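>
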Amino acid sequence: MKTADTERTTVRQILQTALDTPLEGIANPTRDEIERWDSLTHVEIVFMLEERFDVRFSEEEIVALHSLADIVALLREKHAA
Amino acid sequence: MRHDIHLSGHAFSLRPIELSDAPLIVSLRGHARRTRYLHRIPLDLRAQEGYLNRYFDRDGDYYFVIDRLAADGDRAEGLIAIYDVDVEHRRAEWGRWVIRPRSLAAIESAWLIYRVGFERLGLEEMYCHTLVDNTAALSFHDRAGLVRHRRLEGFVELDGERRDVIEHLLTRDQWRTTSVNLARRAQQLALRMNGAG
Chain A
783 MKTADTERTT
793 VRQILQTALD
803 TPLEGIANPT
813 RDEIERWDSL
823 THVEIVFMLE
833 ERFDVRFSEE
843 EIVALHSLAD
853 IVALLREKHA
863 A
Chain B
10 MRHDIHLSGH
20 AFSLRPIELS
30 DAPLIVSLRG
40 HARRTRYLHR
50 IPLDLRAQEG
60 YLNRYFDRDG
70 DYYFVIDRLA
80 ADGDRAEGLI
90 AIYDVDVEHR
100 RAEWGRWVIR
110 PRSLAAIESA
120 WLIYRVGFER
130 LGLEEMYCHT
140 LVDNTAALSF
150 HDRAGLVRHR
160 RLEGFVELDG
170 ERRDVIEHLL
180 TRDQWRTTSV
190 NLARRAQQLA
200 LRMNGAG
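In C-alpha cells:
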C-alpha cells in the first residue's frame, strides 16, 4: 500500500491534471472552490482515480467525493478493507 | 407546448412534462443552492400549474422531466427544456436545467437534450445562456466542447440586478464530436450506476 503522503500527492496530481488548474497553496481543494471542478470533470477525475489506484467507486461514493481529503480518506478505507 | 418526445439513454430518460409535475418543479426550483443561477419563480403549486398551462399553449417550447430509469419504476431527478425555437434558422436555446442534489444526471441529460435538438427537431444550432459567475456550468459547457460565442451584458435580471451571461453555441457539425465525448462518459457512468461497471 502506498504511504499516506504518496497517496495524497498522487491524488493531488490527478486533480491538477483533470482540472488543468494549479493547486499550489490550496491545502484541500474542494468542488465548491475550484471552478473547473464541474460534473463532467468530476467523472473524469473518478475514472482517473479508479484506474490509478485500481479501485471501484460506487454511485454513492462518486456523489460524495467533494474534496481532496474526501478522496484520500475513501481510498484509505478501500485499501484497508 | 404539448409534445410527445420521449428519449431514453443509458440510465436516464427525457419525457414530456405534465401538469402533475408541478410539485416537482416547486421542489427542484425551491432548492436554493441548485437554482441560485436561474430565474426566480414563484414556489407555489398553483402558480406552477398556471405556468405549465401557459407553457402547453406556447409553440416552440419543449419542456422535459429527467427520469432515472429503474426496474422498480422511474423517478424524476431533474428538469430541462428546449425553447425559443427559430424555425427559419433551425436554432434554439436550451436551459431550465436543474437536477436534484446528489444526482448524476448532468452528463446524460445534456447528451439527451442535444440528441432531441439535433436528431428529433432537426436543429442546426443549439445555444445556452449561463450567468458569468456560474463557473461550474460554464466549465461544463466548455469541457463538453461548446464554443463561447459571446458575452451578453446585462442580459438577465436576477434579484433586481442586471447580470451578464455567456452564450455557448453548438452547431450540428460540432455536435458530431461532442456527442462522442458525452455519450462515452454517460455510458461509463450508467454502468457504474447500474452496478455493472
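Chains as they are written, first to last, in the numbering used here: chain A, 783 to 863; chain B, 10 to 206. Cβ coordinates follow ideal geometry from the N, Cα and C atoms, glycine included. Computed from a prediction, not measured in an experiment: that's the story for all the values here.
M202 of chain B versus chain D: which residues are under 8 Å apart at the beta carbon?
Among the chains of the structure shown, chain D does not appear; the protein chains present are A and B.
> Less than 9 Å between the beta carbons of V174 of chain B and F164 of chain B, yes or no?
Locating residue 174 of chain B in the second sequence gives position 165, counting from the first residue. Locating residue 164 of chain B in the second sequence gives position 155, counting from the first residue. Yes, Cβ-Cβ distance for V174 of chain B and F164 of chain B is below 9 Å.
> Determine the DSSP secondary structure at P32 of chain B, reduced to helix, strand or coil.
The residue given as residue 32 of chain B occupies position 23 in the second sequence. Reduced to three states, the DSSP call for P32 of chain B is helix.
> Enumerate in chain order the residues of its own chain whose CB-to-CB distance from W184 of chain B is below 7 Å, with the five nearest sequence positions on each side excluded.
For the purposes of this step, residue 184 of chain B is taken as residue 175 along the second sequence, with counting starting at 1. Excluding positions up to five away in sequence, the list reads Y123 and F127.
> At a CB distance below 8 Å, what residues from the region 83–96 of chain B approach chain A? Give them in sequence order.
For the region 83–96 of chain B, which is checked against every Cβ of chain A, not one residue is closer than 8 Å.
> How about D820 of chain A: is its C-beta nearer than 9 Å to some C-beta of chain B?
Reading the first sequence from its first residue, position 38 is the one you call residue 820 of chain A. Yes, its Cβ sits closer than 9 Å to a Cβ of chain B.
> Can you pull the chain A residues whose beta carbon is under 9 Å from the beta carbon of R149 of chain B, in chain order?
Locating residue 149 of chain B in the second sequence gives position 140, counting from the first residue. It is Phe, not Arg, that sits at residue 149 of chain B in the sequence shown. Those within 9 Å of F149 of chain B in chain A are D820, S821, L822 and T823.
> Would you decide whether P110 of chain B is buried or exposed? Buried here means 16 or more other CB atoms lie within 10 Å of its CB.
Numbered from its first residue, the second sequence carries residue 110 of chain B at position 101. With fewer than 16 other Cβ atoms within 10 Å, it is exposed.
> Any contact of the region 796–805 of chain A with the region 819–830 of chain A, i.e. 3+ C-beta pairs under 8 Å?
yes
> I'd like to know if R67 of chain B contacts chain A, where contact means its C-beta is closer than 9 Å to some C-beta of that chain.
Working through the second sequence from its first residue, we reach residue 67 of chain B at position 58. By this cut-off, R67 of chain B is not an interface position.
> List, in chain order, every chain A residue whose beta-carbon is nearer than 7 Å to that of I122 of chain B.
In the second sequence, the residue the question calls residue 122 of chain B occupies position 113. The premise fails here: I122 of chain B is roughly 14 Å from chain A at the closest Cβ pair, so nothing lies under 7 Å.
> Could you tell me which of B:N62, B:D53, B:L47 and B:L52 sits nearest to E166 of chain B, measuring between CA atoms?
Here residue 166 of chain B refers to the residue found at position 157 when the second sequence is read from its first residue. Of the listed residues, the one whose Cα sits closest to E166 of chain B is B:L47.
> Starting from I116 of chain B, trace the alpha helix (DSSP H) both ways and give me its first and last residue.
On the second sequence, position 107 is the one that residue 116 of chain B refers to. It spans A115 to R124 - the alpha helix (DSSP H) in which I116 of chain B sits, taken as one unbroken run.
> Do I75 of chain B and A114 of chain B count as a contact pair if the criterion is CB distance below 9 Å?
Taking the first residue of the second sequence as position 1, residue 114 of chain B is located at position 105. Taking the first residue of the second sequence as position 1, residue 75 of chain B is located at position 66. Yes, the Cβ-Cβ distance between A114 of chain B and I75 of chain B is below 9 Å.
> From A199 of chain B to A862 of chain A, what does the alpha carbon distance come to, in whole angstroms?
The residue given as residue 199 of chain B occupies position 190 in the second sequence. The residue given as residue 862 of chain A occupies position 80 in the first sequence. Cα to Cα, A199 of chain B sits roughly 27 Å from A862 of chain A.
> In the region 783–808 of chain A, which residue ranges form an unbroken alpha helix (DSSP H) of at least 4 residues, counting only runs that do not cross its ends?
786–801
> Along chain B, which residues have their Cβ under 8 Å away from the Cβ of F829 of chain A?
Against the first sequence, residue 829 of chain A aligns to sequence position 47. Under the 8 Å cutoff, chain B gives Q197.
> As a quick exercise: from B:I116, B:A101 and B:R99, pick the residue whose alpha carbon is nearest that of V107 of chain B.
For the purposes of this step, residue 107 of chain B is taken as the residue at position 98 of the second sequence. Residue B:I116 is the option with its Cα nearest to V107 of chain B.
> What residue range does the beta strand (DSSP E) around E815 of chain A cover?
Indexing the first sequence from 1 puts residue 815 of chain A at position 33. Element bounds for E815 of chain A: n/a, residue is neither H nor E.
> Using the three-state DSSP reduction, which class does D852 of chain A fall into: helix, strand or coil?
For the purposes of this step, residue 852 of chain A is identified with residue 70 of the first sequence, where counting begins at 1. The three-state reading of DSSP puts D852 of chain A in helix, counting H, G and I together.
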